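One structure is given here, and the rest of the page talks about it.
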Amino acid sequence: MNMFADRTKWNLAPNGLSEALARLRVAGKPLLDLTVSNPTECGFAYDERAILEALRNPAALKYEPAPRGLASARQAVCEYYAERGATVGIDDIFLTTSTSEAYSYVFRLLCNPGDEILVLAPSYPLFDFLADIQDVKLRRYRLIYDHGWQIDFHALEQAITPRTRAIIIVHPNNPTGHYTKPAEAKKLNAICAARGLAIIADEVFLDFHLGPERPASLAGNRDALIFTLSGLSKICGLPQMKVAWLAVSGPQDSKTEALARLEVIADTYLSMNAPGQLAIPTLLAQSAAFQQQLMARVRRNLAELDRQLSLQKICSRLEVEGGWYAVLRVPVTRSDEDLALSLLTDCGVYVHPGHFYDFSSDGYLVVSLISSQREFSMGLKTLLVQFH
Ligand SMILES: Cc1ncc(COP(=O)(O)O)c(C=O)c1O
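Heads up: the sequence shown begins at 26 in this note's numbering, then just goes up one per residue.
In C-alpha cells:
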C-alpha cells in the first residue's frame with residue numbers, strides 16, 4: 026500500500042517463536058520462562074509507600090514547562106553521576122520518557138536521512154527500529170570473544186564511512202554483559218575525536234556489576250562528544266515510571282552546540298510528566314535496595330548455572346561481568362531459532378536464540394538471570410537434558 030512511508034514497511038508477521046509462545050499460553054500449558062526481563066514481575070520488594078507518596082506531590086498541580094526537565098530531578102541525576110565518579114552539570118542533562126526516546130533525540134540531532142551510526146554486535150535488538158524510525162542506517166561492528174568480550178577495533182574502523190556520525194557502545198552490553206574497558210574507551214575517544222564522530226553510551230546496566238568494583242560511568246568523558254543514556258527502568262527496576270535521561274559531555278564547543286540544538290528538540294515535545302519528575306529524587310533513592318535484591322538473584326542463578334554446567338561437558342557459558350543475562354554456548358545441530366522453538370514446544374522452556382541479538386553464528390542461547398530461582402533451576406535442568 027502506497028499510503029505509508031517506506032520507513033515503516035516492516036515485516037510484521039510474528040516469528041515462529043512468538044507464535045508458539047502465544048499458543049502455549051492460550052492452551053494454559055506450563056512454561057519455564059528464562060527470558061524474564063520485567064523486574065516488576067520478579068518478586069522483588071519495593072518500598073511501595075515511599076513510591077506512591079512520591080507520586081502524589083501537590084507541586085504536580087502546577088505546570089512548569091522545562092525542555093531539560095525539572096531542576097530538582099536533574100539535580101538528583103547529577104548526584105547519581107557524582108557517586109559514580111563522573112562530574113555532570115545540571116544543564117548538561119535532558120530528561121526523557123525512555124532511553125529509546127533519548128536515542129531518538131540524539132539520532133535526530135546528529136543524522137541527516139541515510140547517515141550512519143555504528144552499533145556493536147551482538148547487542149540489544151531494538152536498535153534497528155530506533156534507526157528505521159529516524160531514517161538512520163546502522164552499520165555493525167563486531168565484538169570478539171576470547172575468554173571475555175572485546176571490541177574489534179579493526180572491524181570498527183573498517184565500518185566507518187564518510188556518512189558515519191556516531192558510535193554506540195552499551196556499558197555493560199546486553200546480553201554479553203561486558204563493560205567497555207578504560208583502554209577501549211581511550212581508543213574509542215581517539216577515533217571519534219580524530220574523525221569528528223560522537224559516542225552514544227548506553228549505561229542502563231552500569232550498576233549491575235559482578236566484580237568487586239563498579240566500573241566508572243563514561244559520562245565524565247571530555248575527549249570526544251558523548252551522549253550517556255540511562256534511566257529508572259533498570260537502575261531502580263521501575264520501567265513503568267517512564268523516566269530516563271541523556272547527559273552530554275565532551276569538548277566545550279561541540280557540547281555547547283549540541284545542548285542548544287537538543288533544547289529545541291526537547292522543547293518541541295516537552296514529554297515528561299510532572300508527577301514522575303517530582304518523584305525522581307525519591308525513586309532514585311530506592312535504587313540501592315532494589316539493586317541489592319537483584320544482584321543477589323543474579324549471583325544465585327549464576328551459581329546454579331555453573332553448578333548444573335559442571336555436571337556435564339556439552340554446554341558452557343560465556344564470561345559475564347555484569348547485567349541481567351548469561352549466554353550459553355550449545356552444540357550447533359540446527360539454527361538457534363529452531364533450537365529455541367523446539368525447547369519451547371517440546372519441553373516448555375522459553376529461551377532467546379542468540380540470533381535475536383545478532384550473534385555471528387549459531388550455537389548461542391540467552392537466559393535471563395533475574396528469573397525466579399526455582400523456575401531458573403528447573404528450566405535449565407530441562408534444557409541441559411536435551412543435549413545428553
Ligand atoms: C541496552 C538497553 N538499553 C535500553 C533499554 C530500555 O530502556 P528504557 O526502558 O529506558 O527505554 C534496554 C531494555 O532492555 C536495554 O537492554
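Ideal placement from N, C-alpha and C gives every residue a C-beta, glycine not left out. Small disclaimer: the values here were computed from a predicted structure and weren't measured.
With a threshold of 7 Å (Cβ to nearest heavy atom), would residue i be considered close to ligand 1?
{"i": "ASP31", "result": "no"}
{"i": "PRO264", "result": "yes"}
{"i": "SER62", "result": "yes"}
{"i": "TYR149", "result": "yes"}
{"i": "ALA219", "result": "no"}
{"i": "GLY256", "result": "yes"}
{"i": "THR407", "result": "no"}
{"i": "ASP227", "result": "yes"}
{"i": "ASN199", "result": "yes"}
{"i": "THR124", "result": "yes"}
{"i": "ALA156", "result": "no"}
{"i": "ALA269", "result": "yes"}
{"i": "VAL144", "result": "no"}
{"i": "VAL161", "result": "no"}
{"i": "VAL113", "result": "no"}
{"i": "VAL323", "result": "no"}
Could you check where the alpha helix (DSSP H) with residue i kicks off and where it finishes?
{"i": "GLN175", "result": "Run containing GLN175: none in the alpha helix (DSSP H); it sits in the beta strand (DSSP E), 174-176."}
{"i": "ASP278", "result": "277-294"}
{"i": "ASP361", "result": "361-372"}
Would you report the Cα separation of residue i and residue j, rounded to the nearest angstrom?
{"i": "GLY373", "j": "TYR382", "result": "22 Å"}
{"i": "LEU243", "j": "ALA215", "result": "14 Å"}
{"i": "ILE305", "j": "LEU287", "result": "21 Å"}
{"i": "GLU282", "j": "PRO276", "result": "10 Å"}
Does the Cβ of residue i have 16 or more other Cβ atoms within 10 Å, making it buried, or fewer, making it exposed?
{"i": "LYS259", "result": "buried"}
{"i": "GLY94", "result": "buried"}
{"i": "ARG190", "result": "buried"}
{"i": "ARG48", "result": "exposed"}
{"i": "ILE176", "result": "buried"}
{"i": "SER393", "result": "buried"}
{"i": "THR293", "result": "exposed"}
{"i": "TYR88", "result": "exposed"}
With a cut-off of 8 Å on the beta carbons, I'd call residue i and residue j a contact; round off their distance for me.
{"i": "VAL345", "j": "GLY236", "result": "At roughly 10 Å, the Cβ-Cβ gap does not stay under 8 Å, so VAL345 and GLY236 are not in contact."}
{"i": "TYR166", "j": "LEU143", "result": "5 Å"}
{"i": "GLY256", "j": "THR124", "result": "5 Å"}
{"i": "CYS261", "j": "SER312", "result": "5 Å"}
With respect to the beta strand (DSSP E) encompassing residue i, which residues constitute its N-terminal and C-terminal limits?
{"i": "TYR166", "result": "162-170"}
{"i": "SER274", "result": "269-274"}
{"i": "ALA191", "result": "189-195"}
{"i": "ALA226", "result": "223-227"}
Say whether chain B places a C-beta atom closer than 8 Å to the C-beta of residue i.
{"i": "GLN398", "result": "Here there is only one protein chain, and chain B is not present."}
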